[in-house]
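These notes are about the structure you will find just below.
Residue numbers (our numbering): 4 to 349.
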């Protein structure tokens, strides 16, 4: 039996890439509950990812990692009085916050010792080694399937921009000297997850040189919070003229416009790779410590480069060894892969 909420609270995933991969689920919920007031709860730093989308009538930003944030969010939820909550994170913490917020019906994955707080939800698929890795887009949508909702035919992620954001993005590109007919290649060298996901900065430097030498293009360097040192290292060691977006403090909302403008993105396995997929931009992903099965969806314009080693995938935030899973992937390999990918999708 399908629930029929007047007010539905959707607790969004914690990581930027996971939020983007959850957008088909947001769309499914919006289509199935057209008359409901849908409230999205999302961490403050990721709010710009969803702000211009059609899924939520209200967005509640939060910092649920601290005790103060926990209590504040619980009080906010209580004041909103949602009939039903759907939890996309699998954490016990998210379930406790919503339960203490007074929500009577809570659905999500029954795992991590929180089943007693839920009214129902799917269980993850297990293998001999624990929970079986599946694409996160499918993982989130499984909650909708469990609720017997009508599932959309297309599972591709989507992102949206407001007119004001588009105008702000155009002004920034004008500042960089990028015209409407300029080929733009984006480089995303950071990773909020940890240094283990990061391809060496000197490799990005060399790759930028190869692009500018072979192609008539502009190279945009995307810089997230705390990544200025990485950007500076790339700029200082490269002979190429790279456009550093770092000083302009491009946030996750404005990044959508810049990503949409790219003809190609080279990135570590981190959130912006999913921006590229949402905007149909070809993307080369340099993957090290993570399991590719979590992101094995919507790969039509994606090339994943990785080395299969005895220690991979380790999912460690810092490499305790020589970081070979990343350093063995050379700039020339990435450049050749980029050429082949663009040839394939053109």
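Glycine residues also receive a C-beta, built at the ideal position from the N, C-alpha and C atoms.
*Shortest alpha-carbon distance to residue 319 belongs to which of 196, 58, 171?*
196
*State the start and end residues of the unbroken alpha helix (DSSP H) segment that holds residue 240.*
231 to 240
*asked:* Between 80, 140, 129, 122, which has its C-alpha nearest residue 28's C-alpha?
replied: Looking at 80, 140, 129, 122, the one whose alpha-carbon comes closest to that of residue 28 is 140.
_Three-state secondary structure assigned by DSSP to residue 191_ = strand
*Contact set for residue 50: own chain, Cβ-Cβ below 7 Å, skip 5 residues either direction*: 62, 64
_Tell me which residues share the same chain as residue 186 and place their Cβ nearer than 8 Å to its Cβ, disregarding the 5 neighbours each side in the sequence._
218, 219, 220, 221, 266
*Answer yes or no: do residue 22 and residue 44 have a C-beta to C-beta separation smaller than 8 Å?*
no
*Collapsed DSSP secondary structure at residue 137 in the structure displayed*: coil
_Let me check one thing: in DSSP terms, what residues is residue 337 bridge-paired to?_
Per DSSP, none; premise fails for residue 337.
_On the DSSP letters alone, give me the boundaries of the beta strand (DSSP E) that residue 11 sits inside._
10 to 14
*Please state whether DSSP places residue 332 in a helix, a strand or coil.*
coil
_At the level of alpha carbons, what is the spacing between residue 247 and residue 39?_
43 Å
*asked:* So, with DSSP's three-state summary, where would you put residue 305?
replied: strand
*Kindly list the residues whose CB is nearer than 8 Å to the CB of residue 338, restricted to its own chain and excluding five residues on each side of it in sequence; keep chain order.*
210, 213, 214, 217
*Going by beta carbon distance, what residues of the same chain come within less than 6 Å of residue 322, once the five residues before and after it are set aside?*
199
*For residue 80, is the classification buried or exposed, using 16 other Cβ atoms within 10 angstroms of its Cβ as the cut-off for buried?*
buried
*What residues match up with residue 271 in a beta bridge as DSSP calls it?*
Per DSSP, 289.
*Please state whether DSSP places residue 132 in a helix, a strand or coil.*
coil
*Identify which residue in 56, 106, 204, 126 has its Cα closest to the Cα of residue 87.*
106
*Look at residue 162 and residue 259 and say whether their C-beta atoms are less than 8 Å apart.*
yes
*Pick from 114, 146, 121: whose alpha carbon is nearest that of residue 129?*
114
*asked:* Quick test of the definition: if touching needs 3 or more C-beta pairs under 8 Å, does the segment 4 to 13 touch the segment 87 to 104?
replied: yes
_Span of the alpha helix (DSSP H), counted from its first residue to its last, around residue 76_ = 70 to 83
_Nearest-angstrom beta carbon gap, residue 150 and residue 6 [assumed within contact, 8 Å]_ = Residue 6 to residue 150, Cβ: 7 Å. Contact.
*asked:* My output table needs one value for residue 284: the three-state DSSP class, helix, strand or coil.
replied: coil
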